[in-house]
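To start, the structure itself, in structure tokens.
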Amino acid sequence: MPPKSKRGTRASAKVESDEETEDTKPMKNDLVELDPQRVFYIPDGALESLSSPEGLKVVSHPHPRTKTPMLFVMCENKLFEITSHSTTEGFCSFFIDQTVEKDGKIYTVTPFDVRFLALEALRLTEKFVELSNYFEGEVLSAVEGADFESLFDIKEVCDRRLMRYNEEKVISWLEAKVRRVAKALASENISCGAVARSKILKEENTENTQDYLHSAAGILREYISEPVSAKLERHLGIERKKPLKESANDLEGSLEESKPKRRKTEEPTEDYSKGATSSAEDKKTPAKLTPAQKKLAQCDKTGMKSIASFFSKAK
1 MPPKSKRGTR ASAKVESDEE TEDTKPMKND LVELDPQRVF YIPDGALESL SSPEGLKVVS
61 HPHPRTKTPM LFVMCENKLF EITSHSTTEG FCSFFIDQTV EKDGKIYTVT PFDVRFLALE
121 ALRLTEKFVE LSNYFEGEVL SAVEGADFES LFDIKEVCDR RLMRYNEEKV ISWLEAKVRR
181 VAKALASENI SCGAVARSKI LKEENTENTQ DYLHSAAGIL REYISEPVSA KLERHLGIER
241 KKPLKESAND LEGSLEESKP KRRKTEEPTE DYSKGATSSA EDKKTPAKLT PAQKKLAQCD
301 KTGMKSIASF FSKAK
């Protein structure tokens, strides 16, 4: 006896066909947006703190010069400045593992002297004040651990440490910093002249001490106010150089001024065109006369009237 054949319904056939189509459908590539990654250069001491329970903290505080919020890394009561570096065009990216990071900026974490923060905070007051009046939290703990004997006048009153801005001490402290930075630039053989010199074409070091002082003062200028910067430059006997772009614009303007100006054309007060026209007509060669005109010229025309006289008004 032959085996019974299974009879499938239309509904079961439809379910089977749907399952087949779902299996044969191509898988969609769901794009997962990953957290952005950044490229940082961090000192070894700060990297070791990453494994500690406290780790690294990112704090914000106004910049001593621009007063805009600035990010710092807090590590063992020390502040590290976070600075971003990018190309002038802005078109840069990184290949990190299997991803492409469109933000091609490089971030550096470098030690920051907290005394720059206190210097600008106390500059506008002539009284003895406490640092807690201007700082708080992690920044206060970092500032309190610094040595301010070389910048401010300090006195203890009722277990309170009060400080007052001393301009003479500040200028001397900044001068020492400028000279240390200039010495470091010279030891690294960094070109600091008005025009960068190619080390391939020119191996000798022709920069002088004044060039290094200019560059060192420009570096410190980023962290102090304009009045303090001007006093420091006068104390060092250096003159601030204009940026290369600004100098080029000034040179272009001076060249435009040195060009001879075109004289304004003055209109003639008399009409010389008539005289010129008549003289030109006089110079023209007379036209040749026809035989009839020659005979008419030889005739006696006394008492004869011209044809135009017949068309004039009667008197």
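Residue numbers (full-length UniProt numbering): 1 to 315.
All C-beta atoms in this analysis are idealised placements derived from N, C-alpha and C, irrespective of residue type, glycine included.
What you are looking at is a predicted structure, and each value in this text was computed from that prediction instead of being measured.
For residue 112, the three-state secondary structure derived from DSSP is coil.
Residue 154 is bridged by DSSP to 163. Per DSSP, the continuous beta strand (DSSP E) segment holding residue 81 begins and ends at 78 to 85. Boundaries for residue 143: no beta strand (DSSP E) harbours it, while the alpha helix (DSSP H) harbouring it runs 137 to 144, taken from the DSSP string. When only Cα atoms are considered, residue 186 and residue 177 end up about 14 Å apart. With fewer than 16 other Cβ atoms from the protein chains shown falling within 10 Å of its own Cβ, residue 95 counts as exposed.
Under the 10 Å beta carbon count, residue 192 is surrounded by 16 or more other beta carbons and is classified as buried. Residue 60 has 71 as its beta-bridge partners, per DSSP. Counting C-beta pairs closer than 8 Å gives fewer than three between the stretch 131 to 141 and the stretch 100 to 111, which falls short of the contact rule. Per the Cβ contact rule, the stretch 73 to 87 is not in contact with the stretch 153 to 165 (fewer than 3 Cβ pairs under 8 Å). In the structure shown, residue 219 adopts helical secondary structure according to DSSP, grouped into three states. Collapsing the DSSP output to three states places residue 175 in a helix. For the 8 Å CB-CB criterion, residue 122 and residue 114 do not form a contact.
Residue pairing of residue 41 in beta bridges, as defined by DSSP: 108.
Per DSSP, the beta-bridge partners of residue 96 are 99. When the Cα atoms are used, residue 56 and residue 62 turn out to be separated by approximately 20 Å. Straight-line spacing of the CA atoms in residue 166 and residue 220 works out to 18 Å. The C-alpha of residue 83 is placed about 19 Å away from the C-alpha of residue 215.
Secondary structure note for residue 296: its alpha helix (DSSP H) is the uninterrupted segment 291 to 298.
Note on residue 86: under 16 other CB atoms within 10 angstroms of its CB, so exposed under the neighbour-count rule. Non-local C-beta neighbours of residue 116 in its own chain, meaning closer than 8 Å and more than five positions away in sequence, comprise 64, 223, 224, ordered along the chain.
CA-to-CA, the gap between residue 229 and residue 153 works out to about 21 Å. Listed in chain order, the non-local C-beta contacts of residue 174 below 8 Å within the same chain comprise 220, 224, 228, 232, local neighbours out to five positions each way being set aside. When the Cα atoms are used, residue 288 and residue 294 turn out to be separated by approximately 10 Å. A residue is called buried once 16 or more other Cβ atoms fall within 10 Å of its Cβ, and residue 120 is buried on that count. Counting C-beta atoms within 10 angstroms of its own C-beta, residue 41 has fewer than 16 neighbours from the protein chains shown and is therefore classed as exposed.
Scanning its chain for C-beta atoms nearer than 7 Å, with the 5 sequence neighbours on each side dropped, one finds around residue 46 the residues 56, 73, 75, 80, 109, in chain order.
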